[in-house]
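Engineer: For the sequence shown, position 408 (counting from the first letter as 1) is numbered 698 according to my numbering, and the numbering increases by one without interruption. For glycine and all other residues, C-beta sits at the position ideal for the given N, C-alpha and C.
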Amino acid sequence: MSQLETPLFTGLLEHMKKNPVQFHIPGHKKGAGMDPEFRAFIGDNALAIDLINISPLDDLHHPKGMIKRAQELAAEAFGADYTFFSVQGTSGAIMTMVMSVAGPGDKIIVPRNVHKSVMSAIVFSGATPIFIHPEIDKELGISHGITPQAVEKALRQHPDAKGVLVINPTYFGIAGDLKKIVDIAHSYNVPVLVDEAHGVHIHFHEDLPLSAMQAGADMAATSVHKLGGSLTQSSILNVREGLVSAKHVQAILSMLTTTSTSYLLLASLDVARKQLATKGRELIDKAIRLADWTRRQINEIPYLYCVGEEILGTEATYDYDPTKLIISVKELGLTGHDVERWLRETYNIEVELSDLYNILCIITSGDTEREASLLVEALRRLSKQFSHQAEKGVKPKVLLPDIPALALTPRDAFYAETEVVPFHESAGRIIAEFVMVYPPGIPIFIPGEIITEENLKYIETNLAAGLPVQGPEDDTLQTLRVIKEYKPIR
Ligand SMILES: Cc1ncc(COP(=O)(O)O)c(C=O)c1O
291 MSQLETPLFT GLLEHMKKNP VQFHIPGHKK GAGMDPEFRA FIGDNALAID LINISPLDDL
351 HHPKGMIKRA QELAAEAFGA DYTFFSVQGT SGAIMTMVMS VAGPGDKIIV PRNVHKSVMS
411 AIVFSGATPI FIHPEIDKEL GISHGITPQA VEKALRQHPD AKGVLVINPT YFGIAGDLKK
471 IVDIAHSYNV PVLVDEAHGV HIHFHEDLPL SAMQAGADMA ATSVHKLGGS LTQSSILNVR
531 EGLVSAKHVQ AILSMLTTTS TSYLLLASLD VARKQLATKG RELIDKAIRL ADWTRRQINE
591 IPYLYCVGEE ILGTEATYDY DPTKLIISVK ELGLTGHDVE RWLRETYNIE VELSDLYNIL
651 CIITSGDTER EASLLVEALR RLSKQFSHQA EKGVKPKVLL PDIPALALTP RDAFYAETEV
711 VPFHESAGRI IAEFVMVYPP GIPIFIPGEI ITEENLKYIE TNLAAGLPVQ GPEDDTLQTL
771 RVIKEYKPIR
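1) Can you give me the start and stop residues for the beta strand (DSSP E) that residue 372 sits inside?
2) Would you mind listing the beta strand (DSSP E) stretches within the stretch 504-581 that are 3+ residues and don't spill past its ends, in chain order?
3) On the premise that residue 712 lies in contact with residue 769, defined as a C-beta separation below 8 Å, what is that separation, rounded to the nearest angstrom?
4) With a cut-off of 8 Å on the beta carbons, I'd call residue 610 and residue 733 a contact; round off their distance for me.
5) If you measure from each CB to the nearest heavy atom of ligand 1 and keep those under 5 Å, what residues do you get, in chain order?
6) So, under 8 Å CB-CB, residue 423 and residue 693 are touching, yes? Tell me the CB distance rounded to an integer number of Å.
7) Compare the Cα-Cα distances from residue 364 to each of 453, 401, 297, 780 and report the closest residue.
8) Could you spell out where the alpha helix (DSSP H) holding residue 299 opens and where it closes?
9) Within 10 angstroms of the Cβ of residue 602, are there 16 or more other Cβ atoms? Answer buried if so, exposed if not.
10) Classify residue 402 as buried or exposed, calling it buried when 16 or more other Cβ atoms lie within 10 Å of its own Cβ.
11) Ordered along the chain, which non-local residues of its own chain (more than five positions away) have a Cβ less than 8 Å from that of residue 428?
12) State the CB to CB distance for the pair residue 717 and residue 741, rounded to an integer number of angstroms; the pair is presumed to be in contact (CB under 8 Å).
13) Helix, strand or coil, according to DSSP, for residue 635 in the structure here?
14) Can you tell me where the beta strand (DSSP E) holding residue 345 begins and where it ends?
15) Within 10 angstroms of the Cβ of residue 620, are there 16 or more other Cβ atoms? Answer buried if so, exposed if not.
16) Considering only residues of the stretch 671-739, which uninterrupted alpha helix (DSSP H) runs meet the minimum length of 4 residues and lie entirely inside it, listed in chain order?
17) Quick one: using the 10 Å Cβ neighbour count with 16 as the cut-off for buried, is residue 460 buried or exposed?
18) Taking Cβ to Cβ, would you say residue 482 is nearer than 8 Å to residue 456?
19) Considering only residues of the same chain and omitting the five flanking positions on each side of residue 806, which have a CB-CB separation below 8 Å?
20) Pull up the distance between the alpha-carbon of residue 520 and that of residue 559, whole angstroms please.
21) Which residue comes first and which comes last in the alpha helix (DSSP H) that contains residue 362?
22) Give every residue of the same chain whose Cβ lies closer than 7 Å to the Cβ of residue 583, excluding the five residues on either side of it in the sequence, and list them in chain order.
23) Just the Cα atoms here: how many angstroms apart are residue 664 and residue 586?
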């Protein structure tokens, strides 16, 4: 089969052309039973392939036909032994990776700045996380990946770990030396699981960091929907057999997946794979050139800094993805969130994310000079408008959350007897819930950690800046749920 073929999408079109009389779900029956306004908006083509796993259309849970062929083409394109399609986002693929290597009491080595799906899987599986501190960039106020030395040290202390999880590249597009990390882990016979949520495209261009499969990793959860052109929520799980069994991975993925798998999502993975495999290099090249141009323009604007290749040179900043524009705004005396709001209100521009010190904009082949120029124009005006603040020279001090000590496994804490205490009286207690800023969804606290004053202050600073702090049951953050303490009775 050729990478130009799309067995799944083509199979759906052929089925649609036969125009079968449908006595099966979905009950909207090609749109006829649906709200007319939505039907007209979304279009009859999309509704005609919004189908279910009847036998001519194969079944994601036991693929034997067109889904199997589409997954095989994806495996070939990504250099994997097996590729599994996920309709549960990269979160579903990540949970599958973790749960297919680690069970109750097993150790898994993970960076502390992992996405919440990793921690959710650790709670579900009952595994014990061995945290590695990510490298912290004190200038930018962001964390990067983990270093080979840190992985070596963790494995020396915990050679019985069932896996090493690596985020590569990070949300901000920074990659560590993944090949070296893989070699180290494999020398201990430990599989490497890669959170490749922000790196579907890197496999298809030689100027981008090595992909998980190129580096020899055992599994990678790769967000096709984020940067690879498929519909939101569709993702893949790439597997190299040897230290992990593809059959076991498939069984776990199936346990975590809806039985009503969306064929719109699945078909979009099939066509995105075709585009990446056949035209990816050319499209990514265009995005890199546009991003480089934009970066140069931004770096001519006073008080703004857009990160480029000068960031490279440490073990944690071994390579980077230039299509990510990390724009540091702190010299303007504004938070990233202030700038996000200003761009929305003044220029109708939406950024990928903002934090206390930066905004992140992504450039893909879907962008043109028109959008890039508008961003540059907007940032020029922003700099001019707030230059009086910058001239006062009040640069905010970069604050980064400390990594709290883990007193209980996340699962034990999650299921323990708990009580609610006022936020300001919670320092020193063991937290029973997650607290994170989303995006990027990296936990400030995970269940089982000891609450520190410093991290409470970090949460307050984020809240005061208007950033979305999420996770606790009490979304006003007046209270936190902690492990119950029994005080002596007097
Ligand atoms: C680093 C990282 N991993 C995993 C995910 C989860 O991906 P998804 O939203 O496709 O479930 C995200 C989402 O933003 C992420 O940033």
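Structural biologist: Walking through what the data contain:
1) Residues 372-376.
2) The stretch 504-581 contains these whole beta strand (DSSP E) runs: 509-512, 525-529.
3) With a Cβ gap of about 6 Å, residue 769 and residue 712 count as contacting.
4) Distance from residue 610 to residue 733 at the Cβ level is roughly 24 Å; contact not present, criterion being Cβ atoms closer than 8 Å.
5) Here the list is 379, 380, 381, 405, 461, 485, 487, 513.
6) Confirmed, Cβ separation roughly 6 Å.
7) Of the listed residues, the one whose Cα sits closest to residue 364 is 297.
8) Taken as a continuous stretch (DSSP letters only), the alpha helix (DSSP H) holding residue 299 covers 297-308.
9) Exposed is the label assigned to residue 602, since fewer than 16 other Cβ atoms lie within 10 Å of its Cβ.
10) Buried, because 16 or more other Cβ atoms sit within 10 Å of the Cβ of residue 402.
11) Sequence-distant partners of residue 428 (beyond 5 residues in either direction) whose C-beta falls short of 8 Å from its own C-beta, in its chain, are 688, 690.
12) Right, the Cβ-Cβ distance comes to about 5 Å (below 8 Å), so this counts as a contact.
13) If DSSP states are grouped into helix, strand and coil, residue 635 belongs with the helices.
14) Per DSSP, residue 345 belongs to no beta strand (DSSP E) and is neither H nor E.
15) Counting Cβ neighbours within 10 Å, residue 620 comes out buried, since at least 16 surround it.
16) If we require 4 residues or more, the alpha helix (DSSP H) runs fully inside the stretch 671-739 come out as 677-681, 700-705.
17) The residue is buried, with at least 16 neighbouring Cβ atoms inside 10 Å.
18) By the CB criterion at 8 Å, residue 482 and residue 456 fall inside the cutoff.
19) With the chain covering only 291 through 780, there is no way to say anything about residue 806.
20) Answer to the nearest angstrom: the Cα atoms are 5 Å apart.
21) Unbroken alpha helix (DSSP H) run through residue 362: 356-368.
22) Result list for residue 583: 662, in chain order.
23) Whole-angstrom Cα-Cα distance: 14 Å.
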